[in-house]
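Trainee: Under my numbering, the first residue of the sequence shown is numbered 34, with each subsequent residue one higher.
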Amino acid sequence: MAFYRQVGEVPPKRHTQFRKPDGGLYYEELMGEEGFSSDSSLLYHAGVPSAIVDSQVWDLPDLATVPNHPLTPRHLKLHDLFTDTSKANPVEDRRLVLGNGDVRISYVVAEQPSPYYRNAIGDECVYVEKGSATVETVFGVLNAVPGDYVIIPRATTHRWLPGLEGVHAYCIEANSHIAPPKRYLSRYGQFLEHAPYCERDLHAASEPLVVDGSDVEVLVKHRGNGPGGIVGSRMTYATHPFDVVGWDGCLYPYTFNVSDFEPITGRIHQPPPVHQVFEGYNFVVCNFVPRKVDYHPLSVPVPYYHSNVDSDEVMFYCGGDYEARKGSGIGLGSISLHPGGYAHGPQPSAIEASLGAERFEELAVMVDTFRPLELGEGGRAVDDGVYAWTWAGRRKD
C-alpha cells in the first residue's frame with residue numbers, strides 16, 4: 034500500500050538514535066515486504082521486539098481439504114456453522130470453508146476476545162458481515178463495523194475484541210500480499226481517477242497503542258509441514274508487543290467499507306472485473322454492491338451464462354436480495370461455489386424477471402481463484418447437497 038503515513042513519535046532521520054525520556058534508546062524495527070524491496074514501515078519499540086522467553090506448539094483447527102470431485106457447483110450455508118458463539122473467539126474458532134495453495138476462506142461468529150495473533154503465512158482480508166469489533170494492532174487501533182474489509186499485512190501482531198453483539202467475520206487468508214488492483218494505481222502508487230475508491234476511503238490507526246506488560250503470549254501461524262504447509266506456535270515475549278510509540282511508512286493495517294465502493298455501470302451488462310476491490314497472488318476479491326443496472330432499452334440486467342475458464346468463483350451473499358440466484362435456495366449467509374470447467378449463470382426464471390429493472394439492492398463478496406478450490410471441514414458440514422441440480426429442476430434418477 035504505497036500511501037505514506039506517520040503515527041506517533043518518530044525521529045527526524047531514519048536509522049538514527051531515538052531516545053526515551055529516561056535517556057535509553059527506543060528499538061527500531063523495519064517491517065518490510067519482498068526482502069525489503071517493496072513497501073515497508075519503521076516501528077519504534079520501548080522493548081526489544083525479538084526478546085522471547087518461550088515457544089510451544091499451537092494446535093491449529095482442522096485445515097485439511099478434500100477435492101471438489103466429481104466436479105460440482107455447491108451451495109454452502111455459512112449461518113449454519115455456529116450455534117453457541119458465547120465461547121468462540123475470532124481467531125481460534127474460524128472454520129475452514131474452502132482453500133487451495135494460495136488462499137483459504139473461513140468463517141467465524143464470535144463473542145470473546147481473541148488471543149494476540151500473528152499470521153506469518155500471508156495477508157488477511159477479513160470482511161465484517163455483522164456486529165463489530167475493535168482490532169488492536171502493533172500499529173494502533175482499528176474500529177471494524179458491518180461492511181468493513183479489514184486488511185492486515187503479513188506478520189502484524191493483533192487481536193480482535195468483538196463488540197457487545199459479537200462479530201460475524203468472513204476471513205480470506207492469503208499466502209501472499211493483498212492490495213488494490215494495479216490497474217487502479219499510478220506507477221507511483223496513487224489511486225487513479227477511474228478507480229472505484231481512493232485514499233480517502235482507507236482508514237488506518239491515528240495514534241499509537243502503547244501497552245505495558247511482560248511474558249505476553251502471541252499465537253503465530255507460520256510455514257511448516259502441517260495441512261497446506263501451515264503450522265502454529267505459541268511464542269511468549271518478554272515485553273508487550275504493543276509497545277510502539279511511533280511508526281511511519283507505507284505498510285500498515287487499514288479498513289475499507291464496502292459502502293465507499295463506487296460501482297461501475299454501463300448500458301449493457303458489465304463483466305466481473307469492474308467489481309474488483311483487491312488482488313492477491315492467484316486470486317482476486319470483488320464486491321457486488323447496490324447499484325443502478327444496465328440502461329440499454331433491450332438490456333438483460335442479470336449476468337449472462339459464463340465460463341471463467343481459468344478460475345473457480347466463490348460468492349458470499351451478505352446483503353439485499355441477489356437477483357440472479359432467485360429460485361436456487363441461496364439467501365443471506367450463503368456461499369455459491371462455481372468451479373472452473375462448469376458454465377454457470379442465473380436461474381432461468383431470474384432472466385425474464387430482471388427485464389426492466391433499474392436497480393439491484395444486493396451485496397456480495399466474490400473471490401475468484403486461479404487454482405482449484407478444495408472443501409474444508411466447514412464447507413463440507415454445510416453443503417446443501419441440492420444446489421447443483423436447480424438449473425435443471427431435477428437430478429438424474
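We put the beta carbon where it would ideally sit given N, CA and C, even for glycine.
Everything numeric in this text was worked out from a predicted model, so none of it was measured.
1. Within 10 angstroms of its Cβ, does tryptophan 428 collect 16 or more other Cβ (buried), or is it exposed?
2. Could you check the C-alpha separation between threonine 105 and alanine 376 for me, to the nearest Å?
3. Taking the continuous beta strand (DSSP E) assigned at arginine 428, which residues delimit it?
4. Per the contact definition of three or more C-beta pairs closer than 8 Å, is the region 233–244 in contact with the region 190–208?
5. Taking 8 Å as the threshold (C-beta atoms), are glycine 366 and tryptophan 91 in contact?
6. Let me know the beta strand (DSSP E) ranges lying completely inside the region 354–404, each 3 residues or longer, listed in chain order.
7. Taking 8 Å as the cut-off, decide whether the C-beta atoms of proline 323 and glycine 362 are in contact.
8. Leucine 75 bridges to which residues according to DSSP?
9. Whole angstroms are fine: how far does the CA of proline 148 sit from the CA of alanine 121?
10. Helix, strand or coil for glycine 164? Go by DSSP, reduced to three states.
11. Could you pull out every unbroken beta strand (DSSP E) segment of at least 3 residues lying fully inside the region 108–147, listed in chain order?
12. Considering aspartate 226, what are the terminal residues of the beta strand (DSSP E) in which it resides?
13. What are the partner residues of cysteine 351, as DSSP defines its beta bridges?
14. Can you tell me which of Leu225, Val171, Tyr59 puts its alpha carbon nearest to the alpha carbon of valine 251?
15. Flag this pair as yes or no: are the beta carbons of glutamate 226 and histidine 191 separated by less than 8 Å?
16. Can you name, in chain order, every residue of its own chain whose Cβ lies under 8 Å from the Cβ of leucine 284, other than the five neighbours on each side?
17. In or out: tryptophan 422 buried (at least 16 other Cβ within 10 Å) or exposed?
18. Could you tell me if the beta carbon of leucine 129 falls within a distance shorter than 7 Å of some heavy atom in the ligand PLP?
19. Check this for me: beta carbons of asparagine 208 and tyrosine 314, under 8 Å apart or not?
20. Write down the C-beta distance between glycine 409 and threonine 98 rounded to the nearest angstrom, noting that I regard them as a contact closer than 8 Å.
21. Alpha carbon to alpha carbon, what distance is there between proline 336 and aspartate 276?
22. Measure how close the beta-carbons of lysine 53 and alanine 79 come, nearest whole angstrom, since I'm counting them as under 8 Å.
23. Just reading off the beta strand (DSSP E) that alanine 271 is part of, what are its end residues?
24. How would you write the range of the alpha helix (DSSP H) that glutamate 410 sits in, first residue to last?
25. By the 10 Å Cβ neighbour count, where 16 or more other Cβ atoms means buried, how is serine 369 classified, buried or exposed?
26. By DSSP, does proline 305 sit in helix, in strand, or in coil?
27. With DSSP run on the structure shown, which of helix, strand or coil describes serine 70?
28. With DSSP collapsed to three states, give me the class of proline 195.
29. According to DSSP, is arginine 47 helix, strand or coil?
30. Please confirm if the region 171–183 is in contact with the region 253–267, defined as three or more CB-CB distances below 8 Å between the two stretches.
31. Given a threshold of 16 other Cβ atoms within 10 Å of its Cβ, counted over all protein chains shown, does aspartate 28 qualify as buried or as exposed?
32. Short check: CB of valine 326 to CB of arginine 392, under 8 Å?
33. Taking the beta strand (DSSP E) that phenylalanine 289 falls in, what are its first and last residues?
34. What are the residues that DSSP puts in a beta bridge with glutamate 232?
35. Helix, strand or coil for proline 336? Go by DSSP, reduced to three states.
36. Give me the residue from Met268, Trp193, Arg300, Asp245 with the minimum Cα distance to histidine 255.
Mentor: So, from the listed chains and residues:
1. Locating residue 428 in the sequence shown gives position 395, where the first residue counts as 1. Contrary to the premise, residue 428 reads as arginine rather than tryptophan in this sequence. By the 10 Å Cβ count, arginine 428 comes out exposed.
2. In the sequence shown, the residue the question calls residue 105 occupies position 72. In the sequence shown, the residue the question calls residue 376 occupies position 343. Distance between the alpha carbons of threonine 105 and alanine 376: 11 Å.
3. What you label residue 428 is simply residue 395 of the sequence shown in a count that begins at 1. Premise fails: arginine 428 is in no beta strand (DSSP E) and is neither H nor E.
4. no
5. Counted from its first residue, the sequence shown places residue 91 at position 58. Counted from its first residue, the sequence shown places residue 366 at position 333. Not closer than 8 Å, so no.
6. 367–371, 395–402
7. For the purposes of this step, residue 323 is taken as residue 290 along the sequence shown, with counting starting at 1. For the purposes of this step, residue 362 is taken as residue 329 along the sequence shown, with counting starting at 1. No; because the gap between Cβ atoms is not below 8 Å, this pair is not in contact.
8. Position 42 of the sequence shown, counted from the start, is the residue given in the question as residue 75. Leu63, Asp281.
9. Here the question's residue 121 lines up with position 88 in the sequence shown. Here the question's residue 148 lines up with position 115 in the sequence shown. About 11 Å.
10. Sequence index remark: in the sequence shown, residue 164 carries index 131 (1-based). Strand at glycine 164.
11. 128–132, 136–143
12. As a first step, residue 226 must be located in the sequence shown, where it is residue number 193. Checking the sequence, you will find glutamate at residue 226 rather than aspartate. No beta strand (DSSP E) holds glutamate 226; DSSP gives it neither H nor E.
13. Position 318 of the sequence shown, counted from the first residue, corresponds to residue 351. Note: cysteine 351 sits in no beta bridge, so no partner.
14. In the sequence shown, counting from the first residue as 1, residue 251 sits at position 218. Answer by Cα proximity: Val171.
15. What you label residue 226 is simply residue 193 of the sequence shown in a count that begins at 1. What you label residue 191 is simply residue 158 of the sequence shown in a count that begins at 1. No; because the gap between Cβ atoms is not below 8 Å, this pair is not in contact.
16. For this step, residue 284 is matched to residue 251 along the sequence shown. Met34, Met64, Gly65, Glu66, Asp72, Ser73, Ser74, Pro186.
17. Counted from its first residue, the sequence shown places residue 422 at position 389. Looking at its Cβ environment, which holds fewer than 16 other Cβ atoms inside 10 Å, tryptophan 422 is exposed.
18. The ligand PLP is not among the ligands present in this structure, which contains no ligands whatsoever.
19. By 1-based counting over the sequence shown, the position of residue 208 is 175. By 1-based counting over the sequence shown, the position of residue 314 is 281. In this structure, tyrosine 314 lies closer than 8 Å to asparagine 208 by Cβ.
20. Position 376 of the sequence shown holds residue 409. Position 65 of the sequence shown holds residue 98. Right, the Cβ-Cβ distance comes to about 5 Å (below 8 Å), so this counts as a contact.
21. By one-based count along the sequence shown, residue 276 stands at place 243. By one-based count along the sequence shown, residue 336 stands at place 303. Taking the straight line from one Cα to the other gives about 50 Å.
22. Along the sequence shown, one-based indexing puts residue 53 at 20. Along the sequence shown, one-based indexing puts residue 79 at 46. Confirmed, about 7 Å.
23. Stepping through the sequence shown from its first residue, residue 271 is reached at position 238. Here the beta strand (DSSP E) through alanine 271 covers 263–272.
24. Position 377 of the sequence shown, counted from the first residue, corresponds to residue 410. Looking at the DSSP string, the run of the alpha helix (DSSP H) that includes glutamate 410 is 410–414.
25. Against the sequence shown, residue 369 aligns to sequence position 336. Serine 369 comes out buried.
26. Start at 1 with the first residue of the sequence shown, and residue 305 comes out as number 272. Proline 305 falls in the helix class under three-state DSSP.
27. Looking up residue 70 in the sequence shown gives position 37. Three-state result, serine 70: coil.
28. In the sequence shown, the residue the question calls residue 195 occupies position 162. In the structure shown, proline 195 sits in a strand (DSSP, three-state: E or B).
29. By one-based count along the sequence shown, residue 47 stands at place 14. Reduced to three states, the DSSP call for arginine 47 is coil.
30. no
31. Any answer about residue 28 is impossible in this case: the structure gives the chain only from 34 up to 430.
32. If you number the sequence shown from 1, residue 326 lands on position 293. If you number the sequence shown from 1, residue 392 lands on position 359. In this structure, arginine 392 lies closer than 8 Å to valine 326 by Cβ.
33. Within the sequence shown, residue 289 is the residue found at index 256, counting from 1. Counting along the chain, the beta strand (DSSP E) containing phenylalanine 289 begins and ends at 287–290.
34. Residue 232 sits at position 199 when you count from the first residue of the sequence shown. For glutamate 232, which the question treats as bridged, DSSP gives no partner whatsoever.
35. By one-based count along the sequence shown, residue 336 stands at place 303. Residue state, collapsed to three classes: coil.
36. The sequence position of residue 255 within the sequence shown is 222, counting from 1. That would be Met268, whose Cα lies nearest to the Cα of histidine 255.
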